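Visitor: Quick one: the structure is below, questions incoming.
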Amino acid sequence: MSFTSLDDLKRALEQDPGHIDFADVIALVDAQFSFTATAFANGELQNAAGQNNGSCKLLALGQYLALDKDQTLALFGHYYRDEVLGNPDGSDHGNIRNFMRTGHAGVAFAQFPLLAKA
1 MSFTSLDDLK RALEQDPGHI DFADVIALVD AQFSFTATAF ANGELQNAAG
51 QNNGSCKLLA LGQYLALDKD QTLALFGHYY RDEVLGNPDG SDHGNIRNFM
101 RTGHAGVAFA QFPLLAKA
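Position 48 (the sequence shown) corresponds to 48 in UniProt numbering; numbering is contiguous.
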């Protein structure tokens, strides 16, 4: 499911969040925003600038769009649905697992990494 606008994404989050694809959301972010790699904390996990840029983009997008925790998790697509929920005791995908515990309150960026393109 590819997206041509943020409204398309929001509609998918409301109507069919189980079919959102990580790569499609990243493509939308890259089309709609200028991204600056930045350090960020996600719960107890510290990410250096340039580390886990996908998570950085999606967590920032969740804040930018004022998405709730479940909507933001849906942005991670199969990584969340299959690899995290399918293996609840796993240790992979630390940013997703930390966000599940702390939500947006646990995310802090050194500087906000997204700037909407004109």
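Built from N, CA and C at the ideal position, the CB exists for glycine as well.
All figures in this text were calculated on a predicted structure; none of them were measured in a lab.
(1) If I measure Cβ to Cβ from A110 and keep anything under 8 Å in the same chain, skipping five residues before and after, which residues do I get?
(2) Starting from A41 and walking both ways along the beta strand (DSSP E), at which residues does that stretch end?
(3) Are the Cβ atoms of L45 and N95 separated by less than 8 Å?
(4) Once you ignore the five residues that flank C56 on each side, which residues in its own chain have a CB closer than 6 Å to its CB?
(5) With which residues is A116 paired in a DSSP beta bridge?
(6) With 16 other CB atoms within 10 Å as the buried threshold, where does G18 fall?
(7) Whole angstroms is fine: what's the gap from L59's alpha carbon to K69's?
(8) May I ask you to list the residues that DSSP assigns as paired with V107?
(9) Please report the distance separating the alpha-carbon of K117 from that of L28.
(10) In angstroms with no decimal places, state the Cα-to-Cα distance between E14 and Q71.
Guide: Result, derived from the coordinates:
(1) One-based indexing of the sequence shown puts residue 110 at position 110. Correct list, in chain order: T38, A39, F40, A49.
(2) As a first step, residue 41 is located in the sequence shown; it is residue number 41 there, counting from the start. That run of the beta strand (DSSP E) goes 40-42.
(3) As a first step, residue 45 must be located in the sequence shown, where it is residue number 45. As a first step, residue 95 must be located in the sequence shown, where it is residue number 95. Yes.
(4) Indexing the sequence shown from 1 puts residue 56 at position 56. These residues qualify, in order along the chain: F40, P113.
(5) Stepping through the sequence shown from its first residue, residue 116 is reached at position 116. According to DSSP, residue pairing for A116 in a beta bridge involves F33.
(6) If you number the sequence shown from 1, residue 18 lands on position 18. Its Cβ having fewer than 16 others within 10 Å, G18 is exposed.
(7) Here residue 59 corresponds to residue number 59 of the sequence shown, with the count starting at 1. Here residue 69 corresponds to residue number 69 of the sequence shown, with the count starting at 1. Between L59 and K69, the C-alpha separation is close to 10 Å.
(8) The count along the sequence shown starts at 1 and reaches residue 107 at position 107. Looking at the DSSP assignment, V107 forms a beta bridge with N42.
(9) The count along the sequence shown starts at 1 and reaches residue 117 at position 117. The count along the sequence shown starts at 1 and reaches residue 28 at position 28. Computed Cα separation, rounded: 12 Å.
(10) Within the sequence shown, residue 14 is the residue found at index 14, counting from 1. Within the sequence shown, residue 71 is the residue found at index 71, counting from 1. Their Cα atoms are separated by approximately 8 Å.
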